[in-house]
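Asker:
Numbering (this note's numbering), first residue to last: -3 to 464.
1) Taking the alpha-carbon of residue 181 as reference, which of 199, 243, 157, 202 has the nearest alpha-carbon?
2) Going residue by residue through the stretch 330 to 407, where are the continuous beta strand (DSSP E) segments of at least 3 residues, counting only ones entirely within it?
3) CB-CB under 7 angstroms to residue 387, same chain, minus the five flanking residues each way: which ones, in chain order?
4) Counting pairs of Cβ atoms below 8 angstroms between the stretch 353 to 369 and the stretch 274 to 285, do you hit three or more?
5) Between the alpha carbons of residue 210 and residue 423, how many angstroms are there, rounded?
6) Give me, in chain order, the residues of the same chain whose beta-carbon lies closer than 6 angstroms to that of residue 465; leave out the 5 immediate sequence neighbours on both sides.
7) Here's the rule I'm using: 16 or more other beta-carbon atoms within 10 Å means buried, otherwise exposed. How should residue 41 be labelled?
8) Consult DSSP for residue 447 and reduce its assignment to one of helix, strand or coil.
9) Determine, using beta-carbon pairs with one atom in the stretch 282 to 298 and one in the stretch 242 to 251, whether at least three such pairs fall under 8 angstroms.
10) Let's see if you can read the secondary structure: which residues bound the alpha helix (DSSP H) around residue 299?
11) Spatial neighbours of residue 331 within its chain, please: CB distance less than 7 angstroms, with the 5 preceding and 5 following residues excluded, ordered by chain position.
12) Which partner residues of residue 121 appear in the DSSP bridge assignment?
13) Quick check on residue 14: does DSSP put it in helix, strand or coil?
14) Do residue 2 and residue 39 count as a contact pair if the criterion is CB distance below 9 angstroms?
15) Where does the unbroken beta strand (DSSP E) through residue 67 begin, and where does it stop?
16) Between residue 464 and residue 147, what straight-line distance do the alpha-carbon atoms span, to the nearest angstrom?
17) In terms of DSSP beta bridges, what is residue 310 paired with?
18) Please report the distance separating the alpha-carbon of residue 456 from that of residue 125.
19) Could you tell me if residue 108 is buried or exposed, where buried requires 16 or more neighbouring beta carbons within 10 angstroms of its beta carbon?
20) Start and end of the beta strand (DSSP E) containing residue 260?
21) Going by the DSSP bridge assignment, what does residue 198 pair with across the sheet?
22) Just how far apart, CA to CA, sit residue 152 and residue 254?
23) Helix, strand or coil: how does DSSP classify residue 214 here?
24) Take residue 186 as the anchor and find which of 295, 59, 207 has the nearest alpha-carbon.
25) Cα separation between residue 51 and residue 329?
26) By a C-beta neighbour count over all protein chains shown, 10 Å radius and 16 as the cutoff for buried, is residue 425 buried or exposed?
27) State the DSSP-derived secondary structure class of residue 25, mapped to helix, strand or coil.
28) Only counting the same chain, and skipping five residues up and downstream in sequence, which positions put a Cβ closer than 6 angstroms to that of residue 200?
Listed below in structure tokens is the structure:
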């Protein structure tokens, strides 16, 4: 469905899994009164318009059908202007159904779309020239690329074409491809285990970072953000809707004013705010050193732990000025003196003492960006690593340690702290505390003068505010 200039354009389709039963019709209706039909055009052959949204270019509407035809009409009158059958023109067998919308790029003078066949399984991305002055479609494909089964509408940005892959018949391992806009060559792919995505990717550019958003149409599907770094596609985050919404997600994602929107087959619509994320941290029955690798909207104990604590749970935060651990205890109804450990913040480590069974703490917030500085006191400090890329002790602390410095990480399975000590030239048994990772807290004991632990963490991510 497409809206333009007070009108709505859409087509229909009738058939089964492997056949079409009717001559499809494309409609134009008045957006202010959808009972007012402006025009309709029924195809002169058996076909249909299954998820085949149109592109509106100046005075023309362009759409595809399940017989591999692309048709151009006058958008105001519905009069026929031109058409092209891409399977015939490009000599592709079997005929591939166009079940994507049409994407138009004025800078290249091309339309882009995908076609696919279920049996035998195949799929291509297509680029066809279009003249916006006359409505004429090119009589050849500028290029077509074998991408695998796809009903995804391509997204075109900065010389690249992004398209999702996969369907019930595909068996593809890749879920997103990046093509060169000039010739359709595949630059690189993104693979997600068990991923199938018929959705149309949405592209957002923030602070120079090009991110592609899409969903996966599998049981317990997720929303994803993939960054095009210029040399590869890198997954930046995955957000999985909470129970009981472990459903398929057929539709794609839309971006507006810093929010990413999508709906699920369970009937919920979610608004995800760019720059935020969901993160799970293990809290053991005993204790654990934890950190919150996110900037929280409400950095209070109640906001972070309010759904999960049991009476007797304790949280400790190191207080350098007093040389001890400040403590807040959960009474069963509230946190006793929460100001002892608040605000809950990234780069700080916490000791959580648990009196109940193990559980998973889920936090929602914004990833830290820019240069991160954590003070390492002469004495000790509880520190938290907030970069989402795991690393080693030498990589994390290599430029600053002094001989005798010690890093501890709690080992739940044996009930003690694992330790690595800096000898002056190297870390002794770094594997005791590695990997250095987000969500884990560490005790750093400093033998030399105080210093700032500095590292870079620029990654952006997401989390959701659910709308029901």
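Idealized CB from N, CA, C, for every residue including glycine.
Answerer: Walking through what the data contain:
1) For the purposes of this step, residue 181 is identified with residue 185 of the chain shown, where counting begins at 1. Out of 199, 243, 157, 202, 157 has the C-alpha closest to the C-alpha of residue 181.
2) 345 to 349, 355 to 363, 367 to 372, 376 to 380, 402 to 407
3) Position 391 of the chain shown holds residue 387. So the list reads 431, 432, once near-sequence residues are dropped.
4) yes
5) Translated into positions along the chain shown, residue 210 becomes position 214. Translated into positions along the chain shown, residue 423 becomes position 427. Cα to Cα, the separation comes out at about 42 angstroms.
6) In this structure the chain extends from -3 to 464, so residue 465 is not present and cannot be described.
7) Sequence index remark: in the chain shown, residue 41 carries index 45 (1-based). With fewer than 16 other Cβ atoms within 10 Å, it is exposed.
8) Against the chain shown, residue 447 aligns to sequence position 451. Strand.
9) no
10) By one-based count along the chain shown, residue 299 stands at place 303. That run of the alpha helix (DSSP H) goes 297 to 301.
11) Position 335 of the chain shown, counting from 1, holds the residue named residue 331. The residues are 297, 298, 324.
12) Taking the first residue of the chain shown as position 1, residue 121 is located at position 125. For residue 121, which the question treats as bridged, DSSP gives the partners 110, 141.
13) Taking the chain shown and counting its residues from 1, the one referred to as residue 14 is at position 18. DSSP places residue 14 in coil when its eight states are reduced to three.
14) Against the chain shown, residue 39 aligns to sequence position 43. Against the chain shown, residue 2 aligns to sequence position 6. No, Cβ-Cβ distance for residue 39 and residue 2 is not below 9 angstroms.
15) In the chain shown, the residue the question calls residue 67 occupies position 71. 65 to 70 is the extent of the beta strand (DSSP E) around residue 67.
16) As a first step, residue 464 must be located in the chain shown, where it is residue number 468. As a first step, residue 147 must be located in the chain shown, where it is residue number 151. Note that residue 464 scores 25 on pLDDT, short of 50, meaning its location in the model is unreliable; the coordinates nonetheless yield the value given after this. Residue 464 and residue 147: Cα-Cα distance of roughly 28 angstroms.
17) For the purposes of this step, residue 310 is identified with residue 314 of the chain shown, where counting begins at 1. Answer is 325, 349.
18) Against the chain shown, residue 456 aligns to sequence position 460. Against the chain shown, residue 125 aligns to sequence position 129. Caution applies to residue 456, whose pLDDT of 39 falls short of 50 and renders its modelled position unreliable; the model cannot decide the point.
19) Numbered from its first residue, the chain shown carries residue 108 at position 112. Under this definition residue 108 is a buried residue.
20) As a working mapping, residue 260 is identified with position 264 in the chain shown. Counting along the chain, residue 260 falls outside any beta strand (DSSP E), and DSSP gives it neither H nor E.
21) Walking along the chain shown from the start, residue 198 turns up at place 202. Partner(s): 209.
22) Here residue 152 refers to the residue found at position 156 when the chain shown is read from its first residue. Here residue 254 refers to the residue found at position 258 when the chain shown is read from its first residue. For residue 152 and residue 254, the distance between alpha carbons rounds to 20 angstroms.
23) As a position in the chain shown, residue 214 is number 218, starting the count at 1. Reduced to three states, the DSSP call for residue 214 is coil.
24) The residue labelled residue 186 in the question sits at position 190 within the chain shown. Taking only the C-alpha atoms, the option nearest residue 186 is 207.
25) The residue given as residue 51 occupies position 55 in the chain shown. The residue given as residue 329 occupies position 333 in the chain shown. Approximately 57 angstroms between the Cα atoms of the pair.
26) The residue you call residue 425 lines up with position 429 of the chain shown. That one is exposed.
27) For the purposes of this step, residue 25 is taken as residue 29 along the chain shown, with counting starting at 1. DSSP places residue 25 in strand when its eight states are reduced to three.
28) By 1-based counting over the chain shown, the position of residue 200 is 204. Taken in chain order, the residues that qualify are 207, 251.
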